[in-house]
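No gaps in the numbering here: position 165 of the sequence shown is 196 in our numbering, and each next residue is one more. Ideal Cβ placement from N, Cα and C applies to all residues, glycine included. These figures come from a predicted structure and were not determined experimentally. These notes are about the structure you will find just below.
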Amino acid sequence: MCGIVGYLGKNQAQNILLDGLKRLEYRGYDSAGLTVYNGSEFKTLKVKGKVAELAKLLSQQKISGTIGIAHTRWATHGEPSERNAHPHSDCQGEVFVVHNGIVENYKALKQELEKEGHKFSSETDTEVIAHLVEKFIAAGLNLESAVKKSLHLIKGTYALLIMAKIEPDKIIAARLSSPLRIGVGPDQFIIASDPSAILNYTQQLITLDDKEVAVIDQQGYHISALDGNGSVDKEIEKIEWDMTAIEKGGFDHFMLKEIFEQPETVSNSLRGRLIDQQGLAALGGLKEVETELRRIKRINLVACGTAYHACLVGEYMLEEYAGIPTEVCVASEFRYRKPILDPQTDVIIVVSQSGETADTLAAVKEAKEKDVLTLGIVNVIGSTIARETDAGVYNHAGPEIGVASTKVFISQLVVLALLTLFLGRQRQMSLVTGGRIAEELRKIPGYINQILEQNEKISQMAKDYGQFKDFFYLGRKYNFPVALEGALKLKEISYVHSEGIAAGELKHGPLAMIEKDLPSVFICPQDSVYDKNLSNMEEIKARQGKIIAIATSGDTEIAKIADEVIYIPKTLEMLTPMLAVVPLQLFAYHFANQRGLDVDKPRNLAKSVTVE
Ligand code: G6P
């Protein structure tokens with residue numbers, strides 16, 4: 032995710048800014064940049080790629096000055112490039128902005144500003160902020176008022192640092208739903224999105240709250256509410272944190288942090304994309320192919336690993352709610368299968384977190400050879416798959432560092448649900464059904480939070496089952512892919528044998544293995560296949576197999592059969608995978624962690640698989 036650092040004091044800003052950016056590297060980014068004021072002019076340097084590249088540039092052309100702002104960017108709007116890297120500027124090069132978050136209404140604002148004569152030089156949403164501030168300064172406002180007036184026009188989220196020629200010795204900081212902290216003294220201020228960039232210099236921190244604006248200069252700081260001018264009194268906290276713990280947000284591993292981020296991930300993937308009253312999904316990335324998509328008669332979903340499991344859930348969603356025949360294929364098989372594709376009526380949708388997986392990319396190429404429309408559901412902006420596909424939807428899940436995918440899986444399910452709404456409403460899906468799905472999607476973050484509250488219980492369960500060497504994961508319909516995903520999570524990080532099975536297949540082979548030393552994790556919410564699942568559980572029970580059940584809150588029946596029950600809130604059947612997978616992720620995490628394994632970097636595996 033993007034990172035922000037600002038410096039104002041008596042030392043050379045570039046050193047502290049660079050040090051801060053380096054400390055934010057763990058968050059993942061694709062470009063970096065800084066602006067420093069040297070007493071007479073502003074100097075900006077940007078690079079695509081690593082902070083080390085920026086450091087190299089700086090060693091060649093030193094930028095002196097004791098005030099500046101810096102940024103590491105993780106692309107959301109516009110590909111990773113020097114041009115799209117922050118700081119962004121206005122027409123005259125007199126306003127400088129670094130921004131974390133998304134300006135949701137940037138298109139409308141940009142159009143308006145362009146009509147007024149503003150010239151844009153990047154594809155980012157952030158740049159509109161610089162032009163808005165420019166506009167209000169030109170209208171006679173001082174810097175603070177110009178920033179406040181601009182922020183009133185912005186919809187979305189932000190952590191912002193702004194400098195401008197009109198008052199060059201100040202940094203303005205503002206926040207809405209994206210963190211920003213001010214490190215205070217001695218004789219200097221370090222402002223950053225993450226304490227890890229500050230704590231090397233001071234442990235005295237002020238946390239900006241939503242809709243607060245800080246004006247910082249050599250004399251001190253003044254914080255006021257976005258909607259007022261009076262001061263807001265803020266407490267300075269002393270923070271004594273261990274640096275590595277900070278990078279992981281206080282969690283022991285990135286994987287656990289990413290599991291806990293999932294409520295926010297769902298909100299980020301949904302942001303600006305649901306038109307609730309009309310039961311519609313607004314997917315900007317599909318605008319250009321909207322008409323072509325109306326004639327589609329078959330969907331081919333192609334992916335690898337966890338993304339493949341998301342596709343299997345998508346198949347159920349798209350067939351049941353959009354009424355479009357859908358096939359799913361693992362990418363490594365797709366092109367060797369000689370797929371029969373009709374350019375008139377087929378679409379290939381590839382799903383990939385990294386956007387670089389070799390097999391998935393090969394499937395895109397195969398589809399293009401055959402002139403078939405290709406769409407990508409990709410997390411990394413500007414990645415090869417995002418560029419090679421005709422159109423697509425980004426996950427907006429932020430960087431995922433743990434090799435075992437968790438939060439991106441959930442975001443893939445969210446995007447597939449949005450796509451189902453989008454394609455379904457183009458066809459026979461009613462407004463009422465669309466509205467119902469939209470309404471339930473909005474509740475998912477809260478539901479996931481309820482499941483995360485059971486973390487301690489799941490950790491204990493992982494301990495209790497720690498001695499077992501084989502596990503079955505079972506489910507039907509929407510939750511059959513969740514069984515596959517739960518089993519994959521366990522095996523990839525704990526190296527214990529686990530197998531995902533469609534519960535209906537139990538009697539066709541796997542049942543032969545059931546005995547007291549082979550526990551089954553059964554995903555059994557109260558859905559259309561509930562009774563069938565209960566029967567399968569009885570079959571396991573009758574053979575002394577232990578059962579951990581994932582069940583709907585309030586289901587007391589299941590507790591009579593299962594040895595352990597983890598409850599998930601009731602939601603629409605098509606959305607249950609977004610909930611059911613969470614306890615399975617936690618179980619796998621604790622199981623592996625209790626064995627002392629390297630959860631974030633499992634042996635033999637890679638985050639991005641760029642070879643066949
Ligand atoms: C690797 C990763 C998995 C991921 C799979 C597909 O195996 O370890 O977490 O699901 O690749 O990667 P993609 O980037 O295409 O989603």
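Item to check | beta-carbon V640 near the ligand ATP non-hydrogen atom, thresh 7 Å | outcome: The ligand ATP is not among the ligands present in this structure, which contains only the ligand G6P.
Item to check | Per-residue burial, L636 [other beta carbons within 10 Å of its own, 16 or more giving buried] | outcome: In the sequence shown, counting from the first residue as 1, residue 636 sits at position 605. It counts as exposed.
Item to check | Close beta carbons around F622, own chain, < 6 Å, minus the five adjacent residues each side | outcome: Here residue 622 refers to the residue found at position 591 of the sequence shown. Around F622: A493, S525.
Item to check | Inter-residue CB distance, Y347 and Y509 (contact presumed, cutoff 8 Å) | outcome: Walking along the sequence shown from the start, residue 347 turns up at place 316. Walking along the sequence shown from the start, residue 509 turns up at place 478. About 5 Å; that satisfies the 8 Å criterion.
Item to check | Distance between L239 and E125 (C-alpha atoms, nearest Å) | outcome: Locating residue 125 in the sequence shown gives position 94, counting from the first residue. Locating residue 239 in the sequence shown gives position 208, counting from the first residue. Distance between the alpha carbons of E125 and L239: 26 Å.
Checklist entry - In or out: Y367 buried (at least 16 other Cβ within 10 Å) or exposed? => result Here residue 367 is taken as the residue at index 336 of the sequence shown, counted from 1. It is exposed - the Cβ of Y367 has fewer than 16 other Cβ atoms within 10 Å.
Item to check | the stretch 40 to 55 touching the stretch 74 to 90, judged by at least three CB pairs closer than 8 Å | outcome: yes
Checklist entry - L230: buried (16+ other C-beta within 10 angstroms of its C-beta) or exposed? => result Taking the sequence shown and counting its residues from 1, one reaches residue 230 at position 199. L230 is buried by the Cβ-count criterion.
Next on the checklist: Using a Cβ distance threshold of 8 Å, determine whether the stretch 313 to 321 contacts the stretch 459 to 468, with at least three qualifying pairs required.
Outcome noted: no
Checklist entry - Got a sec? Which residues, its chain only, sit under 6 Å from I221 by beta carbon, not counting five neighbours each side? => result Stepping through the sequence shown from its first residue, residue 221 is reached at position 190. Result list for I221: Y38, G214, I229, Y232, in chain order.
Checklist entry - Is it true that the CB of L140 sits closer than 8 Å to the CB of L163? => result Numbered from 1 along the sequence shown, position 132 holds the residue referred to as residue 163. Numbered from 1 along the sequence shown, position 109 holds the residue referred to as residue 140. Yes, the pair counts as a contact, with Cβ atoms nearer than the cut-off.
Next on the checklist: Does chain C have any CB closer than 8 Å to the CB of E165?
Outcome noted: You won't find chain C in this structure, because it holds only one protein chain.
Checklist entry - Ends of the beta strand (DSSP E) at K81? => result Here residue 81 corresponds to residue number 50 of the sequence shown, with the count starting at 1. That residue, K81, is in no beta strand (DSSP E); it is neither H nor E in DSSP.
Checklist entry - So is the beta-carbon of V434 under 7 Å away from any non-hydrogen atom of the ligand G6P? => result Here residue 434 is taken as the residue at index 403 of the sequence shown, counted from 1. Checking every heavy atom of the ligand G6P against the Cβ of V434, one is found closer than 7 Å.
Checklist entry - If you draw a straight line from the alpha carbon of N624 to that of L565, how long is it in whole angstroms? => result Translated into positions along the sequence shown, residue 624 becomes position 593. Translated into positions along the sequence shown, residue 565 becomes position 534. Looking at the two C-alpha atoms, the distance is approximately 31 Å.
Checklist entry - Exposed or buried, what is G429 when buried is set at 16 or more other beta-carbons lying within 10 Å of its beta-carbon? => result In the sequence shown, the residue the question calls residue 429 occupies position 398. Looking at its Cβ environment, which holds 16 or more other Cβ atoms inside 10 Å, G429 is buried.
Next on the checklist: If you reduce the DSSP assignment to three classes, tell me which class C33 lands in.
Outcome noted: The residue you call residue 33 lines up with position 2 of the sequence shown. Looking at C33 - three-state DSSP - the assignment turns out to be coil, as it is neither helix nor strand.
Item to check | Where T337 sits in the DSSP three-state scheme | outcome: Working through the sequence shown from its first residue, we reach residue 337 at position 306. Helix at T337.
Checklist entry - How about L343 and I380: do their beta carbons lie closer than 8 Å? => result Locating residue 343 in the sequence shown gives position 312, where the first residue counts as 1. Locating residue 380 in the sequence shown gives position 349, where the first residue counts as 1. Contact: no.
Next on the checklist: Closest to N136 by C-alpha separation, out of I475, R302, R418, Q457, would be which residue?
Outcome noted: For this step, residue 136 is matched to residue 105 along the sequence shown. Looking at the Cα atoms, R302 is the closest of the given residues.
Checklist entry - Fully enclosed by the stretch 141 to 212, which alpha helix (DSSP H) runs are 4 residues long or longer? => result 158 to 169, 174 to 184
Checklist entry - If A106 and G64 are in contact, beta carbons under 8 Å, what's the gap, nearest whole angstrom? => result Looking up residue 106 in the sequence shown gives position 75. Looking up residue 64 in the sequence shown gives position 33. The pair is not a contact, with the Cβ atoms about 13 Å apart (cut-off 8 Å).
Item to check | Straight-line gap, D156 to H108 (C-alpha atoms, nearest Å) | outcome: Taking the sequence shown and counting its residues from 1, one reaches residue 156 at position 125. Taking the sequence shown and counting its residues from 1, one reaches residue 108 at position 77. Using only the alpha carbons, I get a separation of about 6 Å.
Checklist entry - Heavy atom of the ligand G6P less than 7 Å from the Cβ of A338, yes or no? => result Counting from one through the sequence shown, the residue named residue 338 turns up at place 307. Within the cutoff, so yes.
Checklist entry - Would you say the beta carbon of L174 comes nearer than 7 Å to a heavy atom of the ligand G6P? => result Counted from its first residue, the sequence shown places residue 174 at position 143. Checking the Cβ of L174 against the ligand G6P gives no.
Next on the checklist: So V67 and G34 are supposed to be a Cβ contact under 8 Å. How far apart are they, rounded?
Outcome noted: Taking the first residue of the sequence shown as 1, we reach residue 67 at position 36. Taking the first residue of the sequence shown as 1, we reach residue 34 at position 3. That belief does not hold up - the Cβ atoms of V67 and G34 are roughly 17 Å apart, past 8 Å.
Item to check | Own chain residues within Cβ distance below 6 Å of D594, not counting five before or after | outcome: As a position in the sequence shown, residue 594 is number 563, starting the count at 1. Cβ neighbours of D594 beyond the five flanking positions: K577, I578.
Item to check | Identity of the residue in V244, C335, V36, Q123 nearest A223 by Cα | outcome: By 1-based counting over the sequence shown, the position of residue 223 is 192. The option with the nearest alpha carbon to A223 is V36.
Next on the checklist: Taking 7 Å as the cut-off, is the C-beta of T420 nearer than that to any heavy atom in the ligand G6P?
Outcome noted: Your numbering for residue 420 matches position 389 in the sequence shown. No - the ligand G6P has no heavy atom lying nearer than 7 Å to the Cβ of T420.
Item to check | Segment contact flag, the stretch 472 to 485 with the stretch 496 to 507, C-beta cutoff 8 Å, min 3 pairs | outcome: no
Item to check | beta-carbon A334 near the ligand G6P non-hydrogen atom, thresh 7 Å | outcome: Taking the first residue of the sequence shown as 1, we reach residue 334 at position 303. Yes, the Cβ of A334 comes within 7 Å of a heavy atom of the ligand G6P.
Checklist entry - With distances taken between CB atoms, is the gap from E530 to Q575 smaller than 8 Å? => result Position 499 of the sequence shown holds residue 530. Position 544 of the sequence shown holds residue 575. No.
Checklist entry - How close, in whole Å, do the beta carbons of L314 and F453 come, if the pair is a contact with beta carbons under 8 Å? => result In the sequence shown, the residue the question calls residue 314 occupies position 283. In the sequence shown, the residue the question calls residue 453 occupies position 422. L314 to F453, Cβ: 5 Å. Contact.
Checklist entry - So the beta strand (DSSP E) D377 belongs to, where does it begin and stop? => result As a position in the sequence shown, residue 377 is number 346, starting the count at 1. Element bounds for D377: 377 to 383.
Next on the checklist: DSSP three-state label for I355, please.
Outcome noted: Here residue 355 corresponds to residue number 324 of the sequence shown, with the count starting at 1. I355: coil per DSSP, three-state reduction.
Checklist entry - Under three-state DSSP, which class holds N331? => result Sequence index remark: in the sequence shown, residue 331 carries index 300 (1-based). Here N331 sits in strand by DSSP.
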